[in-house]
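Notes to accompany the following structure.
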Amino acid sequence: MNLLSTTLWRGAWRQLRAEPGPAALVIAGLALGLALTLLTVGFLRDVLWPHAHLPEADRLIAFEWKTRSPGGGHSDWLSHVPNTPLSRALRDTGAPVGAMSRVISLPLLSRAVDAQGATHHARLTTALVDPDFEALFGVRPIAGDLKAALTAPEGIALTEVGANKLFGTTQVVGKPVSALITVDGDNGQPQSVELTLTVMAVLPSASLNSSVIYEALAGFNAPPAKAYVERASMWTWGNGHLYARLQPGATAAQVGALADRLLQSQPVPKGLPADFLKGGGSFATLRALPVADLGLHGAGSGQRRLQLGSLAAAAAGVLALAVINFINLWSVRTLRRQREIGLRKSLGAGAPALAVQFFIEALAVAGLAGALGLLLAWWGTPPLSALLQHFFEAPVLAPGMVALTGLLCVLIAALSALPLTHIALRVRPAESLAGRSHSEGAASRWLRRLMTTVQFGAAALFTAMALTVAWQSRHVADMPRGFEVENRLAVDLPWETRPAQTTALLARIQAWPEVVAAAASEDVPGRDFGDWYIDYTGPSGQALALRNGANFTPGYLDVYGMRLLAGRLSADHRAEVAQHGGVLDRSAVRALGFASPEAAIGQTILDDGKPVTVVAVIDDIRVEGPRSPAMPHILVPVTERGSGVISVHSRNPAETRRKLADLVNQTLPDAQAQVLSVREQQARKMAEDVRLGQLIAVTGALALLLAAVGIYALAAYTLRRREREIVLRKLHGAGAGAVARLLGKEFAAVLAAACVVALPVAAWVTQLYLSGFVARAPVGPGSLWVLLASVVLLAVVTAIAVARHLRAALALRPLQALRG
57 MNLLSTTLWR
67 GAWRQLRAEP
77 GPAALVIAGL
87 ALGLALTLLT
97 VGFLRDVLWP
107 HAHLPEADRL
117 IAFEWKTRSP
127 GGGHSDWLSH
137 VPNTPLSRAL
147 RDTGAPVGAM
157 SRVISLPLLS
167 RAVDAQGATH
177 HARLTTALVD
187 PDFEALFGVR
197 PIAGDLKAAL
207 TAPEGIALTE
217 VGANKLFGTT
227 QVVGKPVSAL
237 ITVDGDNGQP
247 QSVELTLTVM
257 AVLPSASLNS
267 SVIYEALAGF
277 NAPPAKAYVE
287 RASMWTWGNG
297 HLYARLQPGA
307 TAAQVGALAD
317 RLLQSQPVPK
327 GLPADFLKGG
337 GSFATLRALP
347 VADLGLHGAG
357 SGQRRLQLGS
367 LAAAAAGVLA
377 LAVINFINLW
387 SVRTLRRQRE
397 IGLRKSLGAG
407 APALAVQFFI
417 EALAVAGLAG
427 ALGLLLAWWG
437 TPPLSALLQH
447 FFEAPVLAPG
457 MVALTGLLCV
467 LIAALSALPL
477 THIALRVRPA
487 ESLAGRSHSE
497 GAASRWLRRL
507 MTTVQFGAAA
517 LFTAMALTVA
527 WQSRHVADMP
537 RGFEVENRLA
547 VDLPWETRPA
557 QTTALLARIQ
567 AWPEVVAAAA
577 SEDVPGRDFG
587 DWYIDYTGPS
597 GQALALRNGA
607 NFTPGYLDVY
617 GMRLLAGRLS
627 ADHRAEVAQH
637 GGVLDRSAVR
647 ALGFASPEAA
657 IGQTILDDGK
667 PVTVVAVIDD
677 IRVEGPRSPA
687 MPHILVPVTE
697 RGSGVISVHS
707 RNPAETRRKL
717 ADLVNQTLPD
727 AQAQVLSVRE
737 QQARKMAEDV
747 RLGQLIAVTG
757 ALALLLAAVG
767 IYALAAYTLR
777 RREREIVLRK
787 LHGAGAGAVA
797 RLLGKEFAAV
807 LAAACVVALP
817 VAAWVTQLYL
827 SGFVARAPVG
837 PGSLWVLLAS
847 VVLLAVVTAI
857 AVARHLRAAL
867 ALRPLQALRG
C-alpha cells in the first residue's frame, strides 16, 4: 500500500479528530519528550565538540593540576596551573611541543570615547596570551593585525562584543582605549595602573563553550603585565591556563608525565601546612589532556557529566513514558474499532495493509508531536540555558536538528504501530461484524501491565530523587553555622577598590537609621569562595592547620551575631593590629591545646615563627560548604581593607538593599554592584545542586503526570475489558465497594510491582547523591522517609487517575453492556 495515499492520511486525521482529548495528551507527552531529547543532543554536542573547528585539534593539549588539601586529601583537577614557570621549563627541557600559549584571564576596566564624543565604561573579560595563541586557536581577525596586537606593549584586540560595548561599533582599529589594570602591589594590596592602549585588531566573538572565553586579547609585553608575570612565576600558584600543540608522534600522556616530573623536582612550598602532606606524596600533581577530552574528563567535568546524565535521563524517561502512553491509549482505541477492522479485513485488507494503516496513523500523531517538540525546544532553550548555565551553540531549528526530529518521529511511529497491528490481526471479521468483541490476548495484556509498571517505576525514581535534592537543599540552607543570616545583606566590591573608599562607604552605611551594623571582610561567611590554611603552633608545640576564614573590619562579629566567649575587641581594631591579634573559634582553642577559651586570651601562637596574640574567642562557626568537613578557624581583625565584601545587618532589608546598591554604584561607577541577602550569597555555593534539583523536580513532575495518564489508560482498558463482568456482578448484588475492590486490585498490583522494582534503585541513587555531602539531610535509613513519601504521592496520583473510570464502572447500564 502506498504510504503517500491521501486516503490513509485523511483516515489518520479522522482518527485524531474522533477523540481529541486522548490525542492531545499523547501529542503533548511526545512533544515534551522530543523537546528534551533535542536539548540533550545540543548540550552533548557542545560538551563533546566545542573545539572541533580548531586547526589540528587532535594535537592541541591543555595542562591541569590538583593540589593537596587538609588531612592529606586532594582537590579536584583544576584548569589554572603555574603556567609561566611550567612553559619555561617545558621549553628548557626540549619537550615535544610546538606552539604554546599561556592564558591569564582578568576583568579589564576599560574606558573609550565613541564617534559622538560619549564616554563608555565596560569591564571586559580579557585574556593575556602569547602570540602562538593565534595559531593554536585559529583566530582570524575581522580587521587589523592580531600578531601586532599581541606583541606591541600598547596593543589590544577586541572581539565584536567588546568593541560594541566600548564604542557601539566594530569599526575601531586604531582607536585608543584607557584601561585600568589592577595587580598585586609589593605590600599585598591592589595597585592600579592606567594605560592607554590602541585597538590593533577586531576579532570574531569567542564561543561561550570554549575553554577560553574573552572579549579582548592582549599580550604580556606591557610593563604592568610583565611585572605581574614575574611576581606570579611561582610553581605554587595556579594563575592561568597553558595550551600547547604536540609535535608529530608525541602524546598528551608523555608530555603530561614530563610536566609532572618538572613539578615534583620543585621544593615543598614554604608555609604549606604539614597536615596537607599527611600520608606522603607531592604537594601537587600535573597532567596534560587533549582539548577534545576536556568536556567529559577535564576540570569541572564531574558537574558537566552530572548535568548531561540528568538531562539525558530526563529526556529518555519522559520520551519512553510518552511512547508507553501512546501505545496504551491507542490500544484501547484499537479495541473499540474491532468492527471497522473486521470490515476492512473482510474486504481483503491483509497484514501489510493493516500495518501501513496503523503506521500512518501513528506517524500522524508523532509528526504533530515532532513539530510541537521543535517549538517547545526552541522556546525552552533560554530557560534551560539559564538553569544549566550553558550556552547552546547551534540553533534548535537547524536543519540537522529538524532531520533528527523527523527520524525520531518515524521510529516512534514504527514502534507504536507494532502492538496496534498485532491487536488488529487478532480480530476475526465474522465475529466482530456480529458484535462479538475480542481481547488483545493474554500476552498483550501482560505487556501493557509491564509498560504501566515501568511508567510508575520511573515516576517513583524521579519523585524520590526530586524530594531528596529538595530536602538536602533545605537542610543546607537551615543547618546551624554559628552565625546569623536573617536580615543580613552583602555586596561584593571590585578588586580595584581602595581601603579609603571602603571606609567611606561603611561610614555612610552605618549612618542609616535602619542599619544595626556594617563591616567589610574577605568573603561572605558560608559562601566559601576562598579557603586559605596556615600552620599555627600552640603551647603544645604541635603545628595545626587553621582555616584563615577572613580578615575583617570593626563591627563584623556584630553583623553576623557571632557569639563572643572570651576576650574583647576594640572599636577600631588598632590595638589588635598592633599586637598581631587573632580571633579563634572554640574548635581552634581546643585543637591548639588551651584548657578553655578564657585560658587562650593573651596567649601567643606562632605563624611560621611570627607571634600572633589571641585577643578573642568566639563560638564555633562553619563557613565551609556542605561537602567539606568543619575546620578550626582563625579570624584576623584589621582596621581597614579595600576589595572584598561589605556585609550589613538591617532592620529593613528591602530599603537597605535599594540604598546600598545605589550608594555602591554611585561611589564605584564600574562596580555593577548586585546586593544579595546573605542567604542568597550562600546559595551561590550550592548553585549547581539547586539547578540539578530544579531539573529533577521538573522531570519528576512530568513523570508523575505521564504515569497518571498511563494509569488512566490502563483504567480505561480494564473497564472496557471487564465491563460485562462488572455488570453481571452488579446484577448478582455486588455493591460499589465490591466493584471498587475489583478494579483496585489491578491498579494496586501495578503500583506494588513498580515500588518493588523502583524503590531499591531509588534508595541506592539517593544515598549515592547524599554521599557527596558531609552535612546530610535526615532522610532516614536507606532514604526511608523519602521512599515512603514517594509511595504516598504515587498512591494519590493513582487514585485521582482512576476516579473517573471508577465512577463510569458504577454507572454502567446492564442492557447496554450486555449488548456489547
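Position in the sequence shown (from 1) plus 56 gives the number in my numbering.
All C-beta atoms, glycine included, are put in the ideal place defined by N, C-alpha and C.
Rounded C-alpha distance that separates residue i from residue j
i    : j    : result
G77  : S387 : 15 Å
V572 : D614 : 8 Å
D676 : S643 : 6 Å
V347 : Y825 : 29 Å
A79  : R683 : 47 Å
P279 : G200 : 23 Å
W133 : A473 : 49 Å
P725 : R167 : 12 Å
G406 : A418 : 18 Å
W291 : L314 : 15 Å
R400 : R73  : 20 Å
E496 : F512 : Only weak support is given to the placement of E496: the predicted model assigns it a pLDDT of 49, under 50, and the value that follows is read from those uncertain coordinates. Looking at the two C-alpha atoms, the distance is approximately 23 Å.
A727 : I237 : 15 Å
E286 : K666 : 27 Å
Residue i - partner residues in DSSP beta bridges
i    : result
G658 : None, per the DSSP bridge assignment.
M156 : A300
E570 : For E570, which the question treats as bridged, DSSP gives no partner whatsoever.
K666 : D663
R343 : E120
D591 : A601
S703 : A546 and A575
H176 : A168
I674 : L620 and D641
V185 : V159
A257 : G200 and A213
H478 : DSSP lists no partner for H478.
Start and end residues, alpha helix (DSSP H) containing residue i
i    : result
T609 : Per DSSP, T609 belongs to no alpha helix (DSSP H) and is neither H nor E.
A622 : Unbroken run through A622 is the beta strand (DSSP E), L620 to G623; no alpha helix (DSSP H).
T101 : A small correction: the amino acid at residue 101 is Arg; Thr does not occupy that position in the sequence shown. Counting along the chain, the alpha helix (DSSP H) containing R101 begins and ends at P76 to L104.
A313 : A308 to Q320
L273 : Careful: L273 lies outside any alpha helix (DSSP H), inside the beta strand (DSSP E) at A272 to A274.
N139 : N139 to D148
F539 : First-last for F539: undefined, no H or E at that position.
H353 : L350 to H353
Limits of the unbroken beta strand (DSSP E) element including residue i
i    : result
D641 : G637 to D641
H689 : H689 to P693
T215 : G211 to T215
T292 : Note, T292: premise wrong, no beta strand (DSSP E); not H, not E.
D114 : First-last for D114: undefined, no H or E at that position.
Given residue i as reference, the closest of the options once Cα atoms are compared
i    : options                   : result
S878 : A656, D676 and P581       : The structure shown does not extend to residue 878, since the chain is modelled only from 57 to 876, so the question has no answer here.
R101 : R603, P451, W502 and P610 : P451
P569 : E417, I83, R707 and S596  : R707
A622 : E120, A606, E654 and E552 : E654
R505 : E449, L840, I383 and A576 : I383
A651 : L691, P595 and W502       : P595
K509 : L95, A814 and A191        : The question names Lys, but residue 509 in the sequence shown is Thr. Taking only the C-alpha atoms, the option nearest T509 is A814.
G294 : F447, R832, L104 and V159 : V159
D331 : G127, D579, T519 and A433 : G127
V858 : A804, V217 and A108       : A804
T96  : R630, E736 and S366       : S366
A757 : A516, R537 and Q659       : A516
E578 : L600, T593, A599 and D548 : D548
R753 : L116, G305 and T519       : Per the sequence presented here, residue 753 reads as Ala, with Arg not at that position. When only C-alpha atoms are compared, the closest one is T519.
V153 : V311, W841, T93 and G89   : V311
G637 : P323, T226, A470 and V692 : V692
**Report entry** Contact between the segment 565-575 and the segment 712-720 (3+ Cβ pairs under 8 Å)
**Finding:** Verdict: yes, contact present.
Query raised in the report: Below 8 Å, can you find three or more Cβ-Cβ pairs linking the segment 127-146 to the segment 359-377?
Result: No, because fewer than three Cβ pairs between the segment 127-146 and the segment 359-377 fall closer than 8 Å, the two stretches do not touch.
Query - Cβ pair count under 8 Å reaching 3, the segment 156-170 against the segment 312-326 - result: no
Query raised in the report: Are the segment 682-699 and the segment 512-525 touching by the rule of at least three beta carbon pairs closer than 8 Å?
Result: no
Query - Inter-stretch contact (C-beta, 8 Å, three-pair minimum) for the segment 370-381 and the segment 759-768 - result: yes
Query raised in the report: Does the segment 330-343 come within contact of the segment 108-127, defined as at least 3 CB pairs closer than 8 Å?
Result: yes
Requested in this report: Examine the Cβ distances between the segment 539-559 and the segment 741-760 and report whether three or more of them are shorter than 8 Å.
Outcome: With a cut-off of 8 Å, the segment 741-760 and the segment 539-559 do not count as touching, because too few Cβ pairs lie within range.
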